[in-house]
Every structure is written in C-alpha cells, then in structure tokens.
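Residue numbers for the sequence shown follow the numbering used here, so the first one is -3 and each next one is one higher.
By construction, the Cβ of each residue, glycine as well, lies at the ideal position given by its N, Cα and C atoms.
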Amino acid sequence: MSLFTLTPLACPHCGQSTDVEVYASINADRRPDLRTAILDQTLQRTTCPHCEMVFRLEPQLNYLDIGRGQWLAAFPRQRLDDWHQVEAEVQSSFDRAYGAQSGPAEREIGGDLQARLVFGWRALREKLLARELALDDVQLELVKLLLMRGMDEPPLPIGAVLRLSGADEDTGELQFEVLDRDDQVLEELSVPRELLADVADAPQDWAELQGQLQAGRFVDIARLTRGS
C-alpha cells in the first residue's frame, strides 16, 4: 500500500507552518496517480498559503511497481555522499522484503524486480522514465559519461548533474537536462538514441566502468565520483 502522513512543515521562506502529505511508501500498481505525480514533478510540492512560495520536500520513501518490475528506495540529495552506507541499508531492506530473508512468495516477486537506490526527485523520475522508454539504466549512465567527454571543460558546473528528461515522440531522440544544485535547468540536450547502441556494441570499451556502476543498487555516475 501507499503510506503517507500529514506533516506540518515550516516554509523555507516565511517560516510559517503548512501541512504536507509526506510519503513513506508508494505502490504504483494500486496508485498510478502517484507515479504520474512523480513524473510531472508535483508529488510533495507545496505552495505556502502565507507567502505563496512553492517548495518541495525531498523524498525518503520506497517505491514499488510490480507491473513494471521496479523497486526503488529514494533518499534526500543531502545523503548522496553517504551512498555507501545508505546502499548497504537499502540492500538489507530489499533482502527482508523481497530477497534472501523474505518468504517464498515474496522472493518470487523479488526475482522480477529491479532494485535501485536514488537520491532526490530528479533521480527517481529518471528511473521511471528509463523504464518507460525501455532503456537500460546502466547503459544510460555510460551514455552520460560519453556526453560529458564531448563537453567543453569543465564538463559540468560544480554541483550540476545530467538527467534524462524524456524522448522526442517524432525523432526518438533522448532528451537530457543539465541541472544545478537547486534542480534548475541550465541546459537542455537532445541525443540520438543510437548512442545507446554504440555503448552496447562496444562492451570491451566500457567493461570496467560498467562493472563499477552495477556493483550495487546505486546505479548512477555519482557512484564513481562522490563519497568514499
């Protein structure tokens, strides 16, 4: 089931309190509207009734979509540098729910689930988009590295990230956004989908990086650069 609590939060602008639905878990099979809210970036987005500032509480939730084969643990971006520790905790949670420490029925379900750890709403949204577009998320991260190699130096501003934002319905080109620390769009990129095939067709060129990226549940190029 999907679980939330109505939580009073202080507006980061005026400090006044407002109630927000804060989700601890989402079952997208039963609540597809919540999946839609993640994709359209409205879940936990609130307008302060006192000063009208719009703000969004960072996620800390589990997301389950059996139909699409996804189990995701989403944490606030502020925890990114702790990804080693968080990844171990997430692996334990998955093992208890659908893995080695769960019952036979749960393990059967878990065998069809791709379990991932993400930090922040944009990273969570990206995993949903990748699955919707039938993209391998490891290859997607390798494409990001390929794009960054072709960017001017430095490849990205400090603190900026590259996130999948969709695909062109007519051309099939993948669309990416360069986001700053506040999730504001700095630049938009359109990339031929064939780049994914280029990566897939040259496994020997990417074997080392691919091995690092898929060594755990945190499949993100930040795995290569952040934390210890």
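Quiz item: Between which two residues does the beta strand (DSSP E) containing glutamate 184 stretch?
Solution: 181 to 187
Exercise. Answer with buried or exposed for alanine 69, where buried requires no fewer than 16 other C-beta atoms within 10 angstroms of its C-beta.
Key: buried
Self-check item: Closest by C-alpha distance to leucine 113, when choosing among Glu83, Pro4, Leu136 and Gly107
Solution: Glu83
Quiz item: Taking DSSP as the reference, what is the three-state secondary structure of phenylalanine 172?
Solution: strand
Quiz item: Mapping DSSP to helix, strand and coil, what is phenylalanine 214?
Solution: coil
Quiz item: According to DSSP, what are the bridge partners of aspartate 108?
Solution: Aspartate 108 is not bridged to any residue.
Quiz item: How about glutamate 169 and serine 161: do their beta carbons lie closer than 8 Å?
Solution: no
Quiz item: Relative to the C-alpha of asparagine 23, which residue among Ser(-2), Ala196 and Ala119 is closest?
Solution: Ser(-2)
Practice problem: Write down the C-beta distance between leucine 182 and proline 153 rounded to the nearest angstrom, noting that I regard them as a contact closer than 8 Å. | Solution: 7 Å
Quiz prompt | Supposed close pair arginine 121, leucine 35 - CB separation, criterion 8 Å | solution = 6 Å
Quiz item: Where does glutamate 165 fall in DSSP's three states?
Solution: coil
Quiz item: With burial defined as no fewer than 16 other Cβ atoms inside 10 Å of the residue's Cβ, what is the status of cysteine 44: buried or exposed?
Solution: buried
Quiz item: Mind pulling the beta strand (DSSP E) runs of 3 or more residues that sit fully within the region 13 to 88?
Solution: 13 to 23, 41 to 43, 50 to 52, 57 to 61 and 66 to 71
Exercise. Spell out the partners DSSP gives valine 157 in its beta bridges.
Key: Leu175
Quiz item: Ends of the beta strand (DSSP E) at alanine 6?
Solution: -1 to 6
Quiz item: What does DSSP give as the partner residues of leucine 113 in its beta bridges?
Solution: Ala69
Self-check item: alanine 119 in three-state terms, based on DSSP
Solution: helix
Quiz item: Any idea if aspartate 216 is buried or exposed, counting beta-carbon neighbours within 10 angstroms, 16 or more meaning buried?
Solution: buried
Quiz item: Helix, strand or coil: how does DSSP classify glycine 207 here?
Solution: helix
Self-check item: Helix, strand or coil at aspartate 194 [DSSP, three-state]
Solution: helix
Exercise. To the nearest angstrom, report how far apart alanine 196 and valine 16 are at their CA atoms.
Key: 43 Å
Quiz prompt | Stretch pair the region 199 to 214 + the region 48 to 64: three plus CB contacts closer than 8 Å | solution = no
Quiz item: What span of residues does the alpha helix (DSSP H) with glutamine 135 cover, start to end?
Solution: 133 to 145
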